[in-house]
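Novice: My questions will all concern the structure given below.
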Ligand code: CP
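Residue numbers (my numbering): 5 to 305.
And the structure:
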């Protein structure tokens, strides 16, 4: 394994399987994760240039569960406001004794940071529209828990694929596994990179896509990344692309609904389906802590 985790493609199938199995060992049997004082001498810095709830806090809880010291870097009140660059900032913080940076960024900066600072470790907590490796590991753990396997599944990804780093990481990661049927669907204006693309099977009609699915993963409409020239009529979107209980009936009887969050409630997913027993969205959140404990342990070791 590399010293950093920047893209899911850096992990072999064996690495992914081991991280999932390792994460499962951190569950305490009571709905939470064990606390183990394994790395009391390590300091982890969360540096998030974009907002986050799940990823940021689950990394912090995971780090604390492992006995690490944690810093949440406050960008808004830092010397970046006086013009200090990202690279100078990270370098400056590293000189204070940080062992590992957890970074979320709208721009691809992780690889360059890792090259410039070989003595520090970097974990990607979501970068641009390309990469969110620990979300993929969390999603795989959730699928493994419910389906027992990552092979021989029909998996439907629906939503704003163009802006989704979750989708791109998921597609890369799942390519390690066999005999899966992956179907992509969503509003054509939000899936332009996936339509007429030899690599992907895009189906415009959601109902057609959902037939006999094992896994339905809805993705957030990322209003903050959508160009103002792209106008999505929300009522039309809901009529054509909302995953609701009626539509979920088209999938297999034991199909599960996933969403990485945050959910635009009652737009991508109906509220009643979100709260139904088909939804594992809340499990994805809690699994994020165990996965991040596994990732931190492996990459700190
Ligand atoms: N799934 C995800 O990355 O959520 P946050 O933006 O809340 O971290």
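From the three backbone atoms N, C-alpha and C, an ideal C-beta is built for every residue, glycine too.
#1: Where does residue 124 sit, in a helix, a strand or coil, going by DSSP?
#2: Just checking residue 132 against the ligand CP - is the residue's beta carbon closer than 8 Å to any of the ligand's heavy atoms?
#3: Since residue 297 is in the alpha helix (DSSP H), which residue starts that stretch and which ends it?
#4: Quick one: measure Cβ to Cβ for residue 194 and residue 165, integer angstroms, because I've assumed they're closer than 8 Å.
#5: Quick check: what's the CA-CA separation for residue 97 versus residue 136?
#6: What are the partner residues of residue 37, as DSSP defines its beta bridges?
#7: Contact defined as beta carbons within less than 8 Å: I believe residue 71 pairs with residue 40. What is the distance between those atoms, to the nearest angstrom?
#8: Put residue 53 into one of helix, strand or coil per three-state DSSP.
#9: Is any non-hydrogen atom of the ligand CP found closer than 8 Å to the C-beta of residue 293, if you look at the structure I gave you?
#10: Can you find at least 3 beta carbon pairs, one from the stretch 258-266 and one from the stretch 278-287, that sit closer than 8 Å?
#11: Could you check how far apart the C-beta atoms of residue 82 and residue 93 are, in whole angstroms? I think they sit under 8 Å.
#12: Does the distance from the CB of residue 271 to the CB of residue 246 come in under 9 Å?
#13: Relative to the ligand CP, is the shortest distance from any of its heavy atoms to the C-beta of residue 167 smaller than 8 Å?
#14: With a floor of 3 residues, list each beta strand (DSSP E) that falls wholly inside the stretch 69-128, ordered by position along the chain.
#15: Under a criterion of Cβ closer than 7 Å to any non-hydrogen atom of the ligand CP, which residues qualify, in chain order?
#16: How about the stretch 107-125 and the stretch 7-26: do they share at least three Cβ pairs that are nearer than 8 Å?
#17: May I have a chain-ordered list of the alpha helix (DSSP H) segments no shorter than 4 residues that lie completely inside the stretch 135-160?
#18: Between residue 58 and the rest of its own chain, which residues show a CB-CB distance below 7 Å, the 5 nearest in sequence each way excluded?
#19: Could you tell me whether the stretch 214-227 touches the stretch 34-53, using the rule of 3 or more Cβ pairs below 8 Å?
#20: Scan the stretch 223-271 and note each continuous alpha helix (DSSP H) run of 4 residues or more that stays entirely inside, going in chain order.
Specialist: On the basis of the data shown:
#1: In this structure, DSSP gives residue 124 a state outside helix and strand, which the three-state scheme calls coil.
#2: The answer is no for residue 132.
#3: According to the DSSP assignment, residue 297 belongs to the alpha helix (DSSP H) that extends over 285-304.
#4: With a Cβ gap of about 6 Å, residue 194 and residue 165 count as contacting.
#5: Residue 97 and residue 136: Cα-Cα distance of roughly 23 Å.
#6: Paired residues: 31.
#7: At roughly 7 Å, the Cβ-Cβ gap stays under 8 Å, so residue 71 and residue 40 are in contact.
#8: In this structure, residue 53 counts as coil in the three-state DSSP scheme.
#9: With a cut-off of 8 Å, the C-beta of residue 293 is classified as distant from the ligand CP, since no heavy atom of the ligand falls inside that distance.
#10: These segments touch.
#11: Approximately 7 Å separates the beta-carbon atoms of residue 82 and residue 93; this is inside 8 Å, confirming the contact.
#12: The Cβ atoms of residue 271 and residue 246 lie closer than 9 Å to each other.
#13: Residue side-chain check: residue 167 keeps its Cβ at 8 Å or more from all non-hydrogen atoms of the ligand CP.
#14: Under the rule that a run must span 3 or more residues, the beta strand (DSSP E) segments found entirely inside the stretch 69-128 read 73-76 and 104-109.
#15: Cβ-based neighbours of the ligand CP within the cut-off: 55, 56, 57, 58, 59, 60, 130, 136, 139, 170, 264, 265 and 266.
#16: Taking 8 Å as the limit for Cβ pairs, the verdict is that the stretch 7-26 does touch the stretch 107-125.
#17: Runs of alpha helix (DSSP H) with 4 or more residues, each lying fully within the stretch 135-160, are found at 137-151, listed in chain order.
#18: So the qualifying residues of the chain are 265, 289 and 292.
#19: Contact between the stretch 214-227 and the stretch 34-53 is absent, because fewer than three Cβ pairs lie under 8 Å.
#20: Taking only runs of at least 4 residues, the alpha helix (DSSP H) segments lying wholly in the stretch 223-271 are 238-245 and 249-252.
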